[in-house]
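Chemist:
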Amino acid sequence: MSRWNLLFDELDRVYRECGQLLRDADAQLDAIDYRCWHASANQMGMQTSQSIAKPSEWFPRWLVRFYAHKDDGESAKGPLAFVAVFLSDQAGRGDWKWDPRIEEPLVVAGVIDGDGKTPINWAYWTCKWWFWLDDAEIGGAVSTFEPGPTHKQNWKRMRAFAIPLSRVSGFSELEDLVVQPLRALLDAP
């Protein structure tokens, strides 16, 4: 087999494993009444480009799923949870504060708290806010961001944490290291 085939086979394996992790997160969050909040249940967020001038953005470096409580109906007004996998950073693009660059893939999970009355204004890239937090630390410690008036967000805070992807090797590790801490954030005032 050629080196090119090996390279793309490995990329395929990495994305399949990330897809399984996100499907497992779907199942575990569904068990606590949080449903995937995408237009299609098979959809996920990512950032790519189809521009010939941006070849480094042709493949996704991060993948994310957002979740809202089953009782939220058509608009997420309560907490909005997310689970994201960051395979690499995008240093040099200007939208990463993290320095030095991340050395290994991360799982970043968090909760965006709304005011309970207005639907939360969010986008897939909201999961990247953890990288801008001054107290962001890999290892599971929760960091909090409260947007000021210059941020033009209609949510009151985001709480998030990050752990190395290598520590999430299966369903039970995902539950222990990601979903249970995420549940604690959802249950906290």
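Letter by letter, the sequence shown follows residues -4 to 184 in the working numbering.
All C-beta atoms in this analysis are idealised placements derived from N, C-alpha and C, irrespective of residue type, glycine included.
Go ahead and pull the three-state DSSP assignment for Gly87.
Modeler: As a position in the sequence shown, residue 87 is number 92, starting the count at 1. Any reading at Gly87 is ruled out, since the residue's pLDDT is 49, under 50, leaving its predicted position unreliable.
Chemist: Could you pull out every residue in the same chain whose Cβ sits closer than 7 Å to the Cβ of Phe166, ignoring the five residues on either side in sequence?
Modeler: Against the sequence shown, residue 166 aligns to sequence position 171. Within the same chain, Phe166 has close Cβ partners Asp19.
Chemist: Starting from Gly14 and walking both ways along the alpha helix (DSSP H), at which residues does that stretch end?
Modeler: Stepping through the sequence shown from its first residue, residue 14 is reached at position 19. First-last of the alpha helix (DSSP H) with Gly14: Arg(-2) to Asp25.
Chemist: What are the start and end residues of each continuous beta strand (DSSP E) run of 3 or more residues lying completely inside the region 41 to 116, in chain order?
Modeler: Taking only runs of at least 3 residues, the beta strand (DSSP E) segments lying wholly in the region 41 to 116 are 57 to 64, 75 to 81 and 101 to 108.
Chemist: Should the region 9 to 29 be called in touch with the region 60 to 75, which here means at least 3 C-beta pairs below 8 Å?
Modeler: Enough Cβ pairs lie closer than 8 Å, so yes.
Chemist: Can you have a look at Lys123 and say buried or exposed, based on whether 16 or more other CB atoms are within 10 angstroms of its CB?
Modeler: Locating residue 123 in the sequence shown gives position 128, counting from the first residue. Answer is buried; the Cβ neighbour count reaches 16.
Chemist: Could you pull out every residue in the same chain whose Cβ sits closer than 6 Å to the Cβ of Val78, ignoring the five residues on either side in sequence?
Modeler: By 1-based counting over the sequence shown, the position of residue 78 is 83. Within the same chain, Val78 has close Cβ partners Ala20, Arg60 and Ala104.
Chemist: Using DSSP with H/G/I as helix, E/B as strand and the rest coil, what is Ala118?
Modeler: Your numbering for residue 118 matches position 123 in the sequence shown. Ala118 falls in the coil class under three-state DSSP.
Chemist: So what's Ala179 in DSSP terms, helix, strand or just coil?
Modeler: Here residue 179 is taken as the residue at index 184 of the sequence shown, counted from 1. It is helical.
Chemist: If you reduce the DSSP assignment to three classes, tell me which class Ser161 lands in.
Modeler: The residue labelled residue 161 in the question sits at position 166 within the sequence shown. If DSSP states are grouped into helix, strand and coil, Ser161 belongs with the helices.
Chemist: Looking at Val102 and Val173, is the spacing between their C-beta atoms short of 8 Å?
Modeler: Within the sequence shown, the letter at position 178 stands for residue 173. Within the sequence shown, the letter at position 107 stands for residue 102. Cβ atoms of Val173 and Val102: closer than 8 Å.
Chemist: Mark Pro144 as exposed unless 16 or more other C-beta atoms lie within 10 angstroms of its C-beta, in which case mark it buried.
Modeler: If you number the sequence shown from 1, residue 144 lands on position 149. Exposed is the call here.
Chemist: Measure from the alpha carbon of Asp108 to the alpha carbon of each residue in Ile158, Lys72 and Leu128, then state which is nearest.
Modeler: As a working note, residue 108 is residue 113 in the sequence shown. Per the Cα distances, Lys72.
Chemist: Alpha carbon to alpha carbon, how far is Gly111 from Glu99? Give it in angstroms, no decimals.
Modeler: Sequence index remark: in the sequence shown, residue 99 carries index 104 (1-based). Sequence index remark: in the sequence shown, residue 111 carries index 116 (1-based). Rounded to whole angstroms, Glu99 to Gly111 spans 36 Å at the Cα level.
Chemist: Is the CB-CB distance between Val106 and Leu17 below 8 Å?
Modeler: By 1-based counting over the sequence shown, the position of residue 106 is 111. By 1-based counting over the sequence shown, the position of residue 17 is 22. In this structure, Leu17 does not lie closer than 8 Å to Val106 by Cβ.
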